[in-house]
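What follows is a set of notes on a single structure, which appears directly below.
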Amino acid sequence: MKRAYLTTLTPLRGIAALLMVVFHFNMLVLPIINPAITQLHRRWYLFVDFFFILSGFIITYVYGSWFEDRVLAVSFRRYMAARFARIYPLHILTLLWVIGLYLLLTQGYHVVLDPIAQGVFDASAIPMHVLMLHGFNTVRSATWNTPSWSIGSEWLLYLLFPILMLGFRRLPSMGRFALLLVVLGLYYYLTKSIQAGQPYKPWLWLLPNTLDNITFPMSFLRCFTGFLLGMITYHAYNQQSGLYWLRRSWVFVALGIGLAISYHLQLSDTLTIWFFPLLILGACYNTGRVSKLLQTRPFQRLGDWSYSIYMVHMPILFSFLTIQLINPPAPSAPAKPLVYGLAGPITCIVFVAIVLGVSALSYRFVELPARSYLNRKLKSRQLTNQTLKFS
Numbered sequence: 001m002k003r004a005y006l007t008t009l010t011p012l013r014g015i016a017a018l019l020m021v022v023f024h025f026n027m028l029v030l031p032i033i034n035p036a037i038t039q040l041h042r043r044w045y046l047f048v049d050f051f052f053i054l055s056g057f058i059i060t061y062v063y064g065s066w067f068e069d070r071v072l073a074v075s076f077r078r079y080m081a082a083r084f085a086r087i088y089p090l091h092i093l094t095l096l097w098v099i100g101l102y103l104l105l106t107q108g109y110h111v112v113l114d115p116i117a118q119g120v121f122d123a124s125a126i127p128m129h130v131l132m133l134h135g136f137n138t139v140r141s142a143t144w145n146t147p148s149w150s151i152g153s154e155w156l157l158y159l160l161f162p163i164l165m166l167g168f169r170r171l172p173s174m175g176r177f178a179l180l181l182v183v184l185g186l187y188y189y190l191t192k193s194i195q196a197g198q199p200y201k202p203w204l205w206l207l208p209n210t211l212d213n214i215t216f217p218m219s220f221l222r223c224f225t226g227f228l229l230g231m232i233t234y235h236a237y238n239q240q241s242g243l244y245w246l247r248r249s250w251v252f253v254a255l256g257i258g259l260a261i262s263y264h265l266q267l268s269d270t271l272t273i274w275f276f277p278l279l280i281l282g283a284c285y286n287t288g289r290v291s292k293l294l295q296t297r298p299f300q301r302l303g304d305w306s307y308s309i310y311m312v313h314m315p316i317l318f319s320f321l322t323i324q325l326i327n328p329p330a331p332s333a334p335a336k337p338l339v340y341g342l343a344g345p346i347t348c349i350v351f352v353a354i355v356l357g358v359s360a361l362s363y364r365f366v367e368l369p370a371r372s373y374l375n376r377k378l379k380s381r382q383l384t385n386q387t388l389k390f391s
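Here UniProt numbering is used: the first residue of the sequence shown is 1, the next is one more, and so on.
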């Protein structure tokens, strides 16, 4: 039976995707916030971990009942077909977009890229991207449409979910509590593994006590840990844990403020991460002002576009950088200062507006039609196989 759509969760995903856009703009293009005032934006990479947690929650909510007792081949095929139709079309389109930019630069205009850019545009990683296995390659940094590393990691989690669900279902209450402690331990291990130092030098902007590792195997462990926490969060939701307090709008707002303060104070990611499951539960439980706000049309559309926002913002950014490399400033032109007035915030607003516009088009003309087409074709193929089997 199809589960009811949780309308208050979708906008949270959209907000998180939008903040990831701002995070990457601030890091790669122009600073938008004076670090002397606050550095809360430096840890917005954690919204990727929010995606992992939310994904674990939603997948368990929608498909958990399919695999509670056993894993049937027909159920597994239906489940994986739905996940493939959801994420693959836009993934492959954005990959082709970035490959096209690379060919335009190197073959069309013969631009010589610096070593870091050459690492990003690693031709040997393309087959891994096509197979959605790029979350498990051995390169030292994310490649091509760089944010899609998380999609590669999640894809394996989708494959493993039925087995995880079988095991999770059989855990007693104390076993699930022990699993929560394991999640805490894994997050602590992940933050300390970065602190110990990594062999890949380009990422010197990494902060102490950070989860921001985007290379295998730690990237997959990061995704796995968040996904497990999402499954545990769903169990808490199913048991109505914390309902009395978390359903209150002021508690939801307080949690949001607490998250911002945690970012501002640069607390360890091991601590900050726990705001996310509480916010997810709060959004699910709330029936007051927060719920009404999240169910307004702008927030619902933002949530609908969230996957497109996440997947197209880096190709758009690469497109602007490509134009800049093709039309470099004159050698005599003075270098612009790193920080200059309102240029950063204004440029960021324009960039976000472009990303939103492209995402709306992508959702309408790529995601929805491709998903509908693939679902029809895959369903038709399954029915054909069943007919042949019993004929």
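Built from N, CA and C at the ideal position, the CB exists for glycine as well.
Review point. In chain order, which continuous runs of the alpha helix (DSSP H) of length 4 or greater are located wholly inside the region 41-106?
Key: 46-63 and 73-103
Review point. Among P217, P11 and L19, which one has its Cα closest to the Cα of L46?
Key: Counted from its first residue, the sequence shown places residue 46 at position 46. Nearest of P217, P11 and L19 to L46, Cα basis: L19.
Point to revise | C-alpha gap between V366 and Y158, whole angstroms | key: Translated into positions along the sequence shown, residue 366 becomes position 366. Translated into positions along the sequence shown, residue 158 becomes position 158. Distance between the alpha carbons of V366 and Y158 is about 22 Å.
Practice item. Please state if the CB of G357 and the CB of L30 are separated by a distance shorter than 7 Å. Key: Here residue 30 refers to the residue found at position 30 of the sequence shown. Here residue 357 refers to the residue found at position 357 of the sequence shown. Result no, Cβ atoms of L30 and G357 do not sit closer than 7 Å.
**Study point:** T347, enclosing alpha helix (DSSP H) - first and last residue
**Key:** In the sequence shown, the residue the question calls residue 347 occupies position 347. A343 to S362 is the span of the alpha helix (DSSP H), which, as asked, contains T347.
Exercise for review: Over the uninterrupted alpha helix (DSSP H) stretch that includes I151, give me the two end residues.
Suggested key: Numbered from its first residue, the sequence shown carries residue 151 at position 151. Per DSSP, I151 belongs to the alpha helix (DSSP H) from W149 to R169.
Check your understanding: Within 10 angstroms of its Cβ, does H313 collect 16 or more other Cβ (buried), or is it exposed?
Key -> Taking the sequence shown and counting its residues from 1, the one referred to as residue 313 is at position 313. Under this definition H313 is a buried residue.
**Study point:** residue 392 in three-state terms, based on DSSP
**Key:** Residue 392 is absent from the structure shown; the chain starts at 1 and stops at 391.
Review point. Can you check whether the CB of Y79 is closer than 7 Å to the CB of Y63?
Key: Taking the first residue of the sequence shown as 1, we reach residue 63 at position 63. Taking the first residue of the sequence shown as 1, we reach residue 79 at position 79. Yes.
**Study point:** Buried or exposed (CB count within 10 angstroms, at least 16 for buried), D49
**Key:** Within the sequence shown, the letter at position 49 stands for residue 49. Buried, since its Cβ has 16 or more Cβ neighbours within 10 Å.
Review point. Touch check for the region 258-267 and the region 217-226: three-plus C-beta pairs under 8 Å?
Key: no
Review point. From V290, C284 and A81, pick the residue whose C-alpha is nearest to that of A4; which is it?
Key: Along the sequence shown, read from residue 1 onward, the residue named residue 4 stands at position 4. Among V290, C284 and A81, the Cα nearest to that of A4 belongs to C284.
Check your understanding: Between L265 and P89, what straight-line distance do the alpha-carbon atoms span, to the nearest angstrom?
Key -> Residue 265 sits at position 265 when you count from the first residue of the sequence shown. Residue 89 sits at position 89 when you count from the first residue of the sequence shown. Roughly 40 Å between the two C-alpha positions.
Review point. Between T270 and T191, is the Cβ-Cβ spacing less than 7 Å?
Key: Translated into the one-based positions of the sequence shown, residue 270 becomes position 270. Translated into the one-based positions of the sequence shown, residue 191 becomes position 191. Yes, they are a contact pair.
Review point. Per DSSP, what kind of secondary structure is T146 in: helix, strand or coil?
Key: The residue labelled residue 146 in the question sits at position 146 within the sequence shown. Residue state, collapsed to three classes: helix.
Point to revise | Where G108 sits in the DSSP three-state scheme | key: The residue you call residue 108 lines up with position 108 of the sequence shown. In the structure shown, G108 sits in a helix (DSSP, three-state: H, G or I).
**Study point:** Coil, strand or helix - Y5 by DSSP
**Key:** Along the sequence shown, one-based indexing puts residue 5 at 5. Looking at Y5 - three-state DSSP - the assignment turns out to be coil, as it is neither helix nor strand.
Check your understanding: When you compare only the Cα positions, how much space is there between N145 and R364?
Key -> Your numbering for residue 145 matches position 145 in the sequence shown. Your numbering for residue 364 matches position 364 in the sequence shown. Roughly 21 Å between the two C-alpha positions.
Practice item. Taking only the alpha-carbon atoms, compute the straight-line gap between V352 and I309 and give it to the nearest angstrom. Key: Taking the sequence shown and counting its residues from 1, one reaches residue 352 at position 352. Taking the sequence shown and counting its residues from 1, one reaches residue 309 at position 309. Roughly 9 Å separates the two Cα atoms.
Check your understanding: Cα separation between F320 and I163?
Key -> Within the sequence shown, the letter at position 320 stands for residue 320. Within the sequence shown, the letter at position 163 stands for residue 163. Straight-line Cα distance between these residues: approximately 43 Å.
**Study point:** Nearest-angstrom Cα separation, counted from L95 out to H134
**Key:** Locating residue 134 in the sequence shown gives position 134, where the first residue counts as 1. Locating residue 95 in the sequence shown gives position 95, where the first residue counts as 1. About 12 Å.
Practice item. Let me know the secondary structure DSSP gives S241 once reduced to three states. Key: Along the sequence shown, read from residue 1 onward, the residue named residue 241 stands at position 241. Residue state, collapsed to three classes: coil.
Check your understanding: In three-state terms, what does DSSP make of W274?
Key -> Indexing the sequence shown from 1 puts residue 274 at position 274. W274 falls in the coil class under three-state DSSP.
Review point. Hey, is the region 7-19 in contact with the region 296-311, meaning 3+ C-beta pairs nearer than 8 Å?
Key: yes
Practice item. Give me the Cα-Cα distance between S372 and S362, rounded to the nearest whole angstrom. Key: Locating residue 372 in the sequence shown gives position 372, counting from the first residue. Locating residue 362 in the sequence shown gives position 362, counting from the first residue. Each residue's Cα considered, the two are about 14 Å apart.
Check your understanding: Should L72 go down as buried or exposed, given a rule of 16 or more other Cβ atoms within 10 Å for buried?
Key -> Reading the sequence shown from its first residue, position 72 is the one you call residue 72. Label assigned to L72: exposed.
Review point. Under the three-state reduction of DSSP, which class applies to P172: helix, strand or coil?
Key: By one-based count along the sequence shown, residue 172 stands at place 172. Three-state result, P172: coil.
Practice item. Can you give me the Cβ contacts of L204 inside the same chain, cut-off strictly under 7 Å, excluding the 5 residues immediately before and after it? Key: Position 204 of the sequence shown, counted from the first residue, corresponds to residue 204. With a pLDDT of only 40 at L204, under the threshold of 50, the placement of this residue in the model should not be trusted; the figure read from the coordinates follows. Closer than 7 Å at Cβ, skipping near neighbours: no residue.
Check your understanding: Which residues in the same chain have their Cβ closer than 6 Å to the Cβ of V111, if we skip the five residues on either side of it in sequence?
Key -> Counting from one through the sequence shown, the residue named residue 111 turns up at place 111. Closer than 6 Å at the Cβ level, and outside the excluded window around V111, lie L105 and L325.
Exercise for review: Pull up the distance between the alpha-carbon of R86 and that of L179, whole angstroms please.
Suggested key: Against the sequence shown, residue 86 aligns to sequence position 86. Against the sequence shown, residue 179 aligns to sequence position 179. Cα-Cα distance, rounded: 29 Å.
Check your understanding: Distance, Cα to Cα, F52 vs G230?
Key -> One-based indexing of the sequence shown puts residue 52 at position 52. One-based indexing of the sequence shown puts residue 230 at position 230. The alpha-carbon atoms of F52 and G230 are separated by roughly 7 Å.
Exercise for review: Whole angstroms is fine: what's the gap from V253's alpha carbon to T272's?
Suggested key: Position 253 of the sequence shown, counted from the first residue, corresponds to residue 253. Position 272 of the sequence shown, counted from the first residue, corresponds to residue 272. Their backbone Cα atoms lie some 16 Å apart in a straight line.
Point to revise | Option in R83, L342, S241 and G226 with minimal Cα separation from L184 | key: The residue given as residue 184 occupies position 184 in the sequence shown. If we check each option's Cα against that of L184, G226 comes out closest.
Exercise for review: Just tell me which of S65, G56, T296 and F23 has its CA closest to the CA of P277.
Suggested key: Along the sequence shown, one-based indexing puts residue 277 at 277. When each option's Cα is compared against that of P277, the closest is G56.
Point to revise | Inter-residue Cα distance where the pair is K377 and G282 | key: Counting from one through the sequence shown, the residue named residue 377 turns up at place 377. Counting from one through the sequence shown, the residue named residue 282 turns up at place 282. Taking the straight line joining both Cα atoms gives about 38 Å.
Review point. Which class does N213 belong to by DSSP, given the choice of helix, strand or coil?
Key: Counted from its first residue, the sequence shown places residue 213 at position 213. In this structure, N213 counts as coil in the three-state DSSP scheme.
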